[in-house]
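J.:
Chains as they are written, first to last, in my numbering: chain B, 357 to 1232; chain F, 1308 to 1421.
#1: Which same chain residues, not among the five before or five after residue 976 of chain B, have their C-beta less than 6 Å away from its C-beta?
#2: Less than 7 Å between CB atoms is the rule here; does residue 1335 of chain F satisfy it with respect to chain B?
#3: Taking the alpha-carbon positions, what's the residue 929 of chain B to residue 895 of chain B distance?
#4: Alpha carbon to alpha carbon, how far is residue 879 of chain B from residue 1101 of chain B? Give it in angstroms, no decimals.
#5: CA-CA distance, residue 371 of chain B and residue 1396 of chain F?
#6: Which residues in chain F have a C-beta closer than 9 Å to the C-beta of residue 1213 of chain B? List them in chain order.
#7: Candidates B/1184, B/967 and B/898: which alpha carbon is nearest residue 531 of chain B's?
#8: Distance cutoff 7 Å, beta carbons only. Does residue 1354 of chain F sit that close to anything in chain B?
#9: Alpha carbon to alpha carbon, how far is residue 689 of chain B from residue 863 of chain B?
#10: Using beta-carbon positions only, say whether residue 893 of chain B and residue 966 of chain B come within less than 7 Å of one another.
#11: Comparing alpha-carbon positions, which option in B/1196, B/806 and B/552 lies nearest residue 872 of chain B?
#12: Starting from residue 410 of chain B, find everything on chain F with Cβ-Cβ shorter than 7 Å and list it in chain order.
#13: Quick one: grab the DSSP three-state call for residue 691 of chain B.
#14: Would residue 1056 of chain B and residue 888 of chain B qualify as a contact pair, given that the criterion is a beta-carbon distance under 7 Å?
#15: For residue 1045 of chain B, which residues does DSSP report across the bridge?
#16: Measure the C-alpha to C-alpha separation of residue 445 of chain B and residue 760 of chain B and round it to an integer number of angstroms.
#17: Contact check, residue 609 of chain B vs residue 556 of chain B under 8 Å by CB: the rounded distance?
#18: So, with DSSP's three-state summary, where would you put residue 1325 of chain F?
#19: Hey, is residue 1383 of chain F's beta-carbon within less than 7 Å of any beta-carbon in chain B?
#20: Taking contact to mean 3 or more Cβ pairs, one atom from each stretch, closer than 8 Å, check whether the stretch 982-990 of chain B and the stretch 1019-1039 of chain B are in contact.
#21: Grab me the residues of residue 875 of chain B's own chain with a C-beta within less than 7 Å of its C-beta, minus the 5 sequence neighbours each way, in chain order.
#22: Taking the alpha carbon of residue 1004 of chain B as the point to measure from, which residue in B/995, B/449 and B/1012 has its own alpha carbon closest?
#23: Closer than 7 Å by beta-carbon distance: list the chain F residues that pair up with residue 424 of chain B, in chain order.
#24: Residues of chain B with CB under 7 Å from residue 1386 of chain F, in chain order?
#25: With a 10 Å radius around its C-beta and 16 neighbouring C-beta atoms as the bar for buried, classify residue 1099 of chain B as buried or exposed.
#26: Quick one: residues in its chain with C-beta nearer than 6 Å to the C-beta of residue 952 of chain B, no 5 flanking neighbours on either side, listed in chain order?
#27: Can you check DSSP and say which residues form a bridge with residue 500 of chain B?
#28: Near residue 620 of chain B, which residues of its chain fall below 6 Å by C-beta distance, leaving aside the five closest residues on each side in sequence?
#29: Let me check understanding here. Comparing Cα to Cα, which of F/1354, F/1319, F/1364 and F/1355 lies closest to residue 1391 of chain F?
#30: When the Cα atoms are used, what is the spatial distance from residue 848 of chain B to residue 413 of chain B?
#31: Where does residue 477 of chain B fall in DSSP's three states?
#32: For the stretch 1013-1020 of chain B against the stretch 1074-1090 of chain B, are there 3 or more C-beta pairs whose distance is under 8 Å?
#33: Going straight from the alpha carbon of residue 804 of chain B to that of residue 818 of chain B, what length do you get?
#34: Among residues of its own chain, excluding the 5 on either side of residue 777 of chain B, which ones have a beta-carbon nearer than 7 Å to its beta-carbon?
#35: Under 8 Å by Cβ, that's how I've got residue 1205 of chain B and residue 1158 of chain B pegged, so tell me the actual separation to the nearest angstrom.
#36: Does DSSP put residue 1411 of chain F in a helix, a strand or coil?
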């Protein structure tokens, strides 16, 4: 019999026919047997009885015949399914609560999975992505970017790679009819796209002839930028003006190209560094500021490549001289690109995954409890069915079908929850989350949702099914039976205890993150963020090739901004704290030869006053510190303490940057400022007048105070700057408060997610406790009635029930604390200023959970206390 | 009459195939025939007859048609399929071999160790 034939037996008509035939066949047998027995002289009634007896139970024979037909499981499935639909519809409240609980758990896990999957588990969106490596120079075990000449040497000498490339940030400005614009782009060596394994879809890739010193101005566009320019395929060969130069568009990248190393990059140009003049160690070609990416040849392993590169690093040859600061003597680091991309976020994402699985587990435990309680109410029904010939496996299958159906309902709702969850996650996700564009509910995510739904369905169904199927025929049918209640109560309690324990783990994690963020925002950034507007202005065009033109522009722009009503004390700085500016670290060398890495702020007069950075000693830089005046510098308090402990630094001298220029004399010491993040410890800084810097920065940030709504002033300030030169792109317009908040977006993101999970866990745990206690009170009505009749006061009964609930909570808390202590170690990278065993958090969480569970206990306890013994005792 | 023996595992199918091999026959007749042939030595549980018939039909060893009996009442008649005949032959052969082997062993012990 083919599968199709079997499947056809599912059709109700066909099944009905088979049932009729079976019935007819057995009836024929019985009739003939009876007739034969009568012929032998038996009494007709006796004959019929005898015939039946010989055949055995008619229903049982029928069951076995149905089994023998082999279509049994399909028929059962159909029957179970219809029965399950009926039972779930009969109890809409139960179904809704169960399905919603599961939807929360499944939806949350699915949402988190969809965020984590493309980042941690899926290969990067390139062919043979496992072969793409990133290569770093290293200094005392710390990785650093490579220099151009190091790249050239490795590209020339190594054999392990089929393509090697270096790249750096490129932010060209473009003047258009409406507003000057700045693009995010990359300067890349010719093989960049070949290293990734992606080619332009229109036009051509970069070639070696493009990437040479003073080579042609050519550019490749992203699909998005190409579309903004009109999406005309004839764009290849046309010219666009970037930074005052004409660039020929030679290609357009494919639509789906995901540039994971710089997701916001919209256009690319060749690096065009100078390969000659290798012994000029002061040149940019010897600067450690290039990222390096390389594609392994097929069949070459990462280890093999690592050995080869480190062999080259240790074996210097005459053709490639190296300065001491790029000697490669500390070896090179070769890591997979996937590993590099996920390096910073992996612990957080894994913590999320762990947390959401806890939520799912709690949800499952809750539904298990629900099903268990429901099973208890249906004891009579199961006993009846068992008596009618349903075997135990059959009952278990029936119940599993019900739980699977309930979970499937939850799963379907969960997908909806996941859709919203993913939206929220993407909206909340901190900037710089890799592959954020790939976060979506897709096939892999559906498969995951289906997988966990099935798993959860079986998990939540199994325990209740086993319990329910263990019915005792006789006592089961008698409604008053309490015999099976003991075992079930134990299971209930175990489940509640585990639920509380899981909730504790989540609550402690969330609590620790909350405390970290609290601590972090209590850290003084070193300036006054209130009423501070910031924006970045970039120089655009060849007229600013000259440093003096840039300085002139700054002065004129400041004058123009000062005239804007409502704006006070505008100033420019090369580096803005907590803005993400990071290319401003230079060496500071003092007269005694001590050197430190410091943040270099090239500012216009009044910067510290505007920012509210405190003066500790000496004086602030002012308008007298002009280009012609003696070079003056302010240093940060931390640097002063480090270099001049217990001494007065004023009047001492220091080189900031190049050492072949006149000394800067220290005129003041100012308070420490957090540059990268509030969690930074490194605050060593040097402030020099922009006019006295050895170079004028490409982009400067404006800071200005406003009396009230700072962002409302932004358009007027922009107009003022453009009144000086309307070709200057103005970007990153934001209040300092917003920058401050954004600088901790990763921690905040983690905290919000954990907080949400913890809240769900708390609610589920509370409903779990409530559900079990209230079920328990219902079952014990009679006992409580007896107690009341024997003189127990309401207070006694209240205490009895509450004590029972709180004992479970206490047990769960005790177990959960161990789990929390272990789990909090996973969060350590996200914590700030709190120990993973922070007693305040732990005590707070215990108090919170105790409070919530006390409420959850109180309701059923109150109901128990109001039991009227005369009614309950009569009811049984 | 000696105590009835239980039917060895798996032999019911073989007996049914043998009975049906003699010509199309309905369930009750099979039961009667088995009863007569085994001369009440072997206990054929009637309750397992029908499930066995349905199983054999399901496996394609038996086929069934609804036909009128001599009394004019419609009954389900089973007949052997080609597959069933092959199964009967191989089953009977292996049964033969088994009983011979068992017989030999029993004779051996009856004659004492040699």
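Glycine included, each C-beta is placed from N, C-alpha and C at the ideal position.
T.: On the basis of the data shown:
#1: 964 and 1024
#2: yes
#3: 14 Å
#4: 16 Å
#5: 34 Å
#6: Ordered by position in chain F, no residue passes the 9 Å Cβ test against residue 1213 of chain B, which lies about 54 Å from the chain.
#7: B/898
#8: yes
#9: 39 Å
#10: no
#11: B/1196
#12: 1353
#13: strand
#14: no
#15: B/959
#16: 15 Å
#17: 6 Å
#18: helix
#19: yes
#20: yes
#21: 1188, 1189 and 1190
#22: B/995
#23: 1358, 1361, 1362 and 1365
#24: What residue 1386 of chain F touches in chain B: nothing, since even the nearest Cβ is about 15 Å away.
#25: buried
#26: 944 and 1040
#27: B/493
#28: 540
#29: F/1364
#30: 39 Å
#31: helix
#32: no
#33: 21 Å
#34: 463, 464 and 467
#35: So it is not a contact: roughly 15 Å between Cβ atoms.
#36: helix
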